[in-house]
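Okay, so here's the structure we're looking at.
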Amino acid sequence: MTTEPAPSLGVSQDLRVFLSEYAARHPEDVLNIEEKIDGEDVAALVMELAARGRDELLVCSRVAGLETTLVTNVFASRRRIGRLLGDGPAGLHRAYQRASARRCEPRVVADGPVLEVVDSGDAVDLTALPLIQHFASDRGPYITSGIITAEAPSYATGRSGNLSYHRSLIHSRNELATSLHSRGHLWQLLRLAEEHGEPLPVAMVVGAHPLFMLAASARVGADTDERTVAGGLFGAPLEVVRTPEHGIRVPASAEIVLEGVIDPARRADEGPFGEFSGYSSDRSTNNVLTVGTVLRRREALLLDVVGGNTAEHLNLARIPRESEMAQKLMDRFPEVTALHYPTSGTHFHAYVAMRASRPGQARQIMLGLLGWDPYLKTVVAVDEDVDVTVDSQVLWAMATHLQPHRDVFTVNGLPGSPLDPSSTADGTTSRMALDATRGPDFDGVRIRVDPRRTEAARRLLDRRAASPS
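Going by my numbering, 442 is the number at position 16 of the sequence shown; the sequence numbering is gapless.
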């Protein structure tokens with residue numbers, strides 16, 4: 427791979443440029459918090475906004491203990507993610523799949539903003555990183571947006587480099603305690619390194635363009651590097667620099683990069699931490715990342731992801747998962763019209779809408795979904811006139827169409843999420859499918875309101891709202 431100057435690609439891969447341009451185009455969707463707040467106030471703000479039906483991107487300029495600006499809630503809005511991908515919420519799955527399919531290899535450049543400050547050896551002090559504690563139940567301040575980046579070692583035949591998210595807690599001046607609880611491709615690379623008696627070189631990216639962050643959540647095979655997906659999302663090769671010691675390719679415009687190694691034999695306690703389930707979890711692989719070099723921009727921003735069962739935390743992982751599952755389902759089953767993973771179900775529930783078909787088709791579709799996605803525990807199938815993005819409509823379909831003795835089945839003893847607090851000690855779970863479609867012999871006609879009457883009602887209420895009381 428050649429090294430060349432970074433060309434002007436027309437679409438900036440710089441987080442700061444994105445934030446500036448987005449605020450200029452959509453000022454109503456950015457909330458600037460200029461009052462001084464504590465770190466735990468950030469999570470409370472995000473959750474209070476959600477309780478009020480709001481999901482603005484948050485820019486907090488005066489967080490106690492930080493000497494920089496904190497940005498969070500970027501992924502809380504499907505509308506905002508749609509804008510990132512050049513589409514609206516309704517076309518999110520298609521837009522993501524279309525863009526991610528344009529995979530292209532990263533372009534190595536000679537220099538980039540992330541190399542503005544480079545500390546190594548005794549100069550490394552992780553306690554100086556801008557971090558906050560999110561929940562009172564957390565063990566301490568956590569890196570929540572950290573994307574661990576690895577190149578495939580020469581002995582990892584058939585494997586490619588990898589990006590993946592892993593919560594991390596400062597263990598010492600130059601060590602992070604982290605969890606590879608996904609047991610994904612990074613975990614597999616670490617096991618191969620262990621077999622060869624070597625540590626695994628890695629680099630953690632803390633703060634990068636949202637499209638890079640979305641690519642890091644992509645569900646791809648071990649032979650596909652998520653950095654190529656990032657190129658597809660950008661519509662141009664991801665611009666990367668190589669880290670000084672191990673030559674790991676990281677975004678040239680990242681805010682902070684921590685380069686080091688994970689020793690397969692080292693362990694350090696971490697957790698509890700507020701996970702996507704809504705519970706504080708201390709389930710962890712307790713790995714140790716020893717940092718030898720810190721790369722950062724001057725006055726590096728803190729791009730934070732509030733954990734727990736917040737919309738941001740869930741969307742960041744589920745948009746790629748939904749998109750992949752939607753494409754697989756629709757390619758295999760043309761009857762499928764929509765798929766949605768509701769926030770209320772964390773990562774464990776999915777709703778699938780379908781056109782009326784032959785008997786048993788809903789079961790086959792739900793079995794496909796339960797088999798393809800290891801996180802899912804419950805799938806509900808509904809008719810195409812039910813809006814799967816609205817929990818109350820799905821619950822109505824369950825209430826009026828489903829007979830439990832006939833329309834529910836379960837499957838036991840399958841691998842599940844290790845962060846599911848209800849899973850067994852070995853991580854297995856049972857799964858349930860509920861057929862809430864009407865079925866061929868359903869006897870009922872859905873009530874209908876004339877659209878003209880609905881419009882008249884809206885005009886009347888709008889006039890009332892506009893007139894003084």
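Backbone N, C-alpha and C fix where the C-beta goes; we use that ideal spot for every residue, glycine too. These numbers come from a predicted model, not from an experiment.
Should residue i go down as buried or exposed, given a rule of 16 or more other Cβ atoms within 10 Å for buried?
i: V875; result: exposed
i: L887; result: exposed
i: V871; result: exposed
i: K462; result: exposed
i: A582; result: buried
i: N838; result: exposed
i: P636; result: buried
i: Q439; result: buried
i: I873; result: exposed
i: T857; result: Checking the sequence shown, residue 857 turns out to be Arg, not Thr. So R857 ends up on the buried side.
i: V437; result: exposed
i: S526; result: buried
i: E542; result: exposed
i: G397; result: Lying before the first or after the last residue shown, residue 397 is absent from the chain, which here runs from 427 to 895.
i: E601; result: buried
i: T836; result: exposed
i: L914; result: Residue numbering for the chain in the displayed model covers 427 to 895; residue 914 lies beyond these limits and cannot be assessed.
i: V816; result: exposed
i: A825; result: exposed
i: E577; result: buried
i: P556; result: buried
Pick helix, strand or coil for residue i, following the three-state DSSP scheme.
i: H766; result: strand
i: F699; result: strand
i: V875; result: coil
i: S598; result: strand
i: H672; result: coil
i: A578; result: coil
i: G733; result: coil
i: D833; result: helix
i: T854; result: strand
i: D888; result: helix
i: G839; result: strand
i: V500; result: coil
i: S546; result: strand
i: F759; result: coil
On the DSSP bridge list, what partners appear for residue i?
i: V666; result: V534 and P677
i: L616; result: Partner(s): none; L616 has no beta bridge.
i: E685; result: A629 and T719
i: I463; result: V489
i: L945; result: Residue 945 lies beyond the range of the chain shown here (427 to 895); nothing can be said about it.
i: Y568; result: I558 and L595
i: T650; result: Bridge partners of T650: none, in fact.
i: A906; result: Residue 906 lies beyond the stretch modelled for the chain, which goes from 427 to 895, so this question has no answer here.
i: S710; result: According to DSSP, which records beta bridges pairwise, S710 is partnered with nothing at all.
i: I573; result: Y591 and V631
i: T604; result: S594 and N713
i: N458; result: V485
Roughly how many whole angstroms lie between the Cα atoms of residue i and residue j?
i: A644; j: T575; result: 14 Å
i: G633; j: P532; result: 18 Å
i: Q790; j: G538; result: 50 Å
i: L755; j: G491; result: 48 Å
i: T863; j: A807; result: 6 Å
i: D833; j: L860; result: 6 Å
i: S590; j: A882; result: 51 Å
i: L387; j: V535; result: For the chain, the structure presents residues 427 to 895; residue 387 sits outside this window and is missing.
i: R478; j: T763; result: 30 Å
i: E877; j: A516; result: With the sequence shown as reference, residue 877 is identified as Pro, and Glu is not the correct amino acid for it. The straight-line gap from Cα to Cα measures roughly 21 Å.
i: T855; j: L802; result: 10 Å
i: M473; j: G704; result: 12 Å
i: H773; j: A678; result: 32 Å
i: K749; j: I459; result: The sequence shown places Ser at residue 749, rather than the Lys named in the question. Each residue's Cα considered, the two are about 33 Å apart.
i: W798; j: L840; result: 12 Å
i: D382; j: D708; result: No answer is possible for residue 382: the residues shown for the chain start at 427 and end at 895.
i: T495; j: G794; result: 45 Å
i: V666; j: F759; result: 39 Å
i: A619; j: L715; result: 14 Å
i: P830; j: A743; result: 31 Å
i: A788; j: V655; result: 32 Å
i: S420; j: Y448; result: Residue numbering for the chain in the displayed model covers 427 to 895; residue 420 lies beyond these limits and cannot be assessed.
i: S586; j: D869; result: 54 Å
Can you find a heavy atom of the ligand SAH that lies under 6 Å from the Cβ of residue i?
i: R709; result: Of the ligands one can find in the structure shown there are none, so the ligand SAH has no counterpart to examine.
Could you tell me whether the stretch 707-726 touches the stretch 545-553, using the rule of 3 or more Cβ pairs below 8 Å?
yes
For the 8 Å Cβ check, are there 3 or more pairs between the stretch 685-698 and the stretch 731-744?
No contact exists between the stretch 685-698 and the stretch 731-744.
Tell me, please, whether the stretch 660-668 touches the stretch 608-616 by the rule of three or more beta-carbon pairs shorter than 8 Å.
no
Could you tell me whether the stretch 509-523 touches the stretch 558-574, where touching means 3 or more Cβ pairs closer than 8 Å?
Taking a cut-off of 8 Å for Cβ pairs, the stretch 509-523 and the stretch 558-574 do not touch, as fewer than three such pairs fall below it.
Is the stretch 774-792 close to the stretch 723-730, with three or more CB pairs under 8 Å?
no
Quick test of the definition: if touching needs 3 or more C-beta pairs under 8 Å, does the stretch 646-661 touch the stretch 591-609?
no
For the 8 Å Cβ check, are there 3 or more pairs between the stretch 442-458 and the stretch 492-511?
yes
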